[in-house]
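Enquirer: First to last, the sequence lines map onto chains A and B. If you're matching positions, the first sequence starts at 1 in our numbering and goes up one per residue. If you're matching positions, the second sequence starts at 1001 in our numbering and goes up one per residue. Even glycine gets a Cβ: it sits at the ideal position worked out from N, Cα and C. All values derive from a computational prediction rather than experimental measurement.
There are 2 protein chains.
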Amino acid sequence: MEYQEAKEKFINTWGSLGTLWGINKAMAQIQSLLFISTKALSMEDIMKELKISRGNTSMNLRQLMDWGIVTKELIPGERKEYFTTEKDVQELARHIAKERSRREIKPVIKILKEVSSIKDDGTEKTKELIKQTKALHDLAETADAMMNKIVNQEQNWITKSLLKLIK
Amino acid sequence: MEYQEAKEKFINTWGSLGTLWGINKAMAQIQSLLFISTKALSMEDIMKELKISRGNTSMNLRQLMDWGIVTKELIPGERKEYFTTEKDVQELARHIAKERSRREIKPVIKILKEVSSIKDDGTEKTKELIKQTKALHDLAETADAMMNKIVNQEQNWITKSLLKLIK
DNA sequence: ATAAACTTTCAATAATTATTGAAAGTTTAG
DNA sequence: CTAAACTTTCAATAATTATTGAAAGTTTAT
Chain A
1 MEYQEAKEKF
11 INTWGSLGTL
21 WGINKAMAQI
31 QSLLFISTKA
41 LSMEDIMKEL
51 KISRGNTSMN
61 LRQLMDWGIV
71 TKELIPGERK
81 EYFTTEKDVQ
91 ELARHIAKER
101 SRREIKPVIK
111 ILKEVSSIKD
121 DGTEKTKELI
131 KQTKALHDLA
141 ETADAMMNKI
151 VNQEQNWITK
161 SLLKLIK
Chain B
1001 MEYQEAKEKF
1011 INTWGSLGTL
1021 WGINKAMAQI
1031 QSLLFISTKA
1041 LSMEDIMKEL
1051 KISRGNTSMN
1061 LRQLMDWGIV
1071 TKELIPGERK
1081 EYFTTEKDVQ
1091 ELARHIAKER
1101 SRREIKPVIK
1111 ILKEVSSIKD
1121 DGTEKTKELI
1131 KQTKALHDLA
1141 ETADAMMNKI
1151 VNQEQNWITK
1161 SLLKLIK
């Protein structure tokens, strides 16, 4: 496999996996491209490389910046803006986990808490609703806490402690 | 909050969270409904409760069965088919994690392996592609292994060992 | 102040994904 | 075997989501 083919394969695969970490295709592809680029890229570069429109590029770059995984880089003497992504996978994972927790998991936990706290009127169906949503609430909370804890450790904590644990 | 409101809130919330675990809205809602139901439900019951068509119900029930989290229950003397979902959250998480790993994560790991194994032609860009995809590959593999290991333990291993660890 | 270089916004449109409903298929009872 | 009871399939349609492109906005150099 040649460089070009490998590159395209990577960008496509990682792009289609976007859903797994909750972002859309273009966003994931832009991030992928920056991730394997040796230098910061301009909007022009990204548009040409991925064959997407200026508007699309602009919007998705903004979202990536909101997620905290892409940053603008001002090159002295240059008028254009250049972009880079976090290159360290561990840091990348940290950012993504943190954002997903904040945007999706925490709000759901809150609602599960509310639902599982309704008054027990003694009927079987109410009891079941309370029991099951409470179980889900506890699971979600544990999973969320775990994820955040794991991901907020210094660099190699994951590989060090956890790999040991699961072996 | 009354039972009916709490129920609807739960089904909607859990349904919209479907994307997080990689299934569509109707699928997630059907599962939610079964999850808090005190008895097995027929297709008719599900259609009426969620206001979705027969075809939709049929297709999504099949997918849920493919995922291994919903099962048919034949009630003696009844002609209709009845459905139940796994009621234990731990088991549910196990099934979901296993399926996601098989369907999405494993295939991506395979491609990352391929891409990171291209011949190093000595250019900077090839070196970068190899380096970064290798890092992602290792991260993905560790995460996948971790998830599977965690989720394949007996009932309370998670809460016991891991909660201790992260505290 | 003006114009060039660049970015953002957003209504229109395209692409994708989900849903319906009715016809075809299957199973069971008699 | 036949009809009733039920489920599945799938082409048509609706709903949702992503993308474009051009006009409006911003910044910088002169």
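Identify the contact partners of A/Glu114 in chain B, using a Cβ-Cβ distance below 9 Å as the criterion.
Expert: Met1001, Ala1006 and Lys1009
Enquirer: Under three-state DSSP, which class holds B/Lys1119?
Expert: coil
Enquirer: Using a C-beta to C-beta distance shorter than 8 Å, which residues of chain B count as neighbours of A/Glu124?
Expert: When 8 Å is used as the limit between beta carbons, A/Glu124 is near these residues of chain B: Thr1038, in chain order.
Enquirer: Quick check on the burial criterion: 16 or more other C-beta atoms within 10 angstroms. Buried or exposed for A/Leu74?
Expert: exposed
Enquirer: Tell me where the beta strand (DSSP E) around B/Leu1074 begins and ends.
Expert: Val1070 to Leu1074
Enquirer: Helix or strand or just coil, what does DSSP make of A/Thr38?
Expert: coil
Enquirer: Mind checking B/Glu1086: buried by the 16 CB within 10 Å criterion, or exposed?
Expert: buried
Enquirer: Decide if A/Thr133 is buried, meaning its Cβ has at least 16 other Cβ atoms within 10 Å, or exposed.
Expert: buried
Enquirer: In whole angstroms, what separates the C-alpha of A/Leu64 from that of A/Gln29?
Expert: 11 Å
Enquirer: For a test of the three-state rule: what should DSSP assign to B/Glu1002, helix, strand or coil?
Expert: DSSP places B/Glu1002 in coil when its eight states are reduced to three.
Enquirer: Starting from A/Thr57, trace the alpha helix (DSSP H) both ways and give me its first and last residue.
Expert: Arg54 to Trp67
Enquirer: With respect to the beta strand (DSSP E) encompassing A/Glu81, which residues constitute its N-terminal and C-terminal limits?
Expert: Glu81 to Thr85
Enquirer: Within 10 angstroms of its Cβ, does A/Gln155 collect 16 or more other Cβ (buried), or is it exposed?
Expert: At A/Gln155, the pLDDT of 48 sits below 50, so the modelled position is not reliable; the number obtained from the coordinates is stated separately. By the neighbour-count rule (16 or more Cβ atoms within 10 Å), A/Gln155 is not buried but exposed.
Enquirer: Using a C-beta cutoff of 8 Å, does B/Leu1050 count as contacting chain A?
Expert: no
Enquirer: Which residues in the same chain as A/Glu193 place their Cβ atom closer than 8 Å to its Cβ, once the five residues preceding and following it in sequence are excluded?
Expert: With chain A covering 1 to 167 only, the question about residue 193 of chain A has no answer from this structure.
Enquirer: Any beta carbon of chain A sitting closer than 8 Å to that of B/Ala1026?
Expert: no
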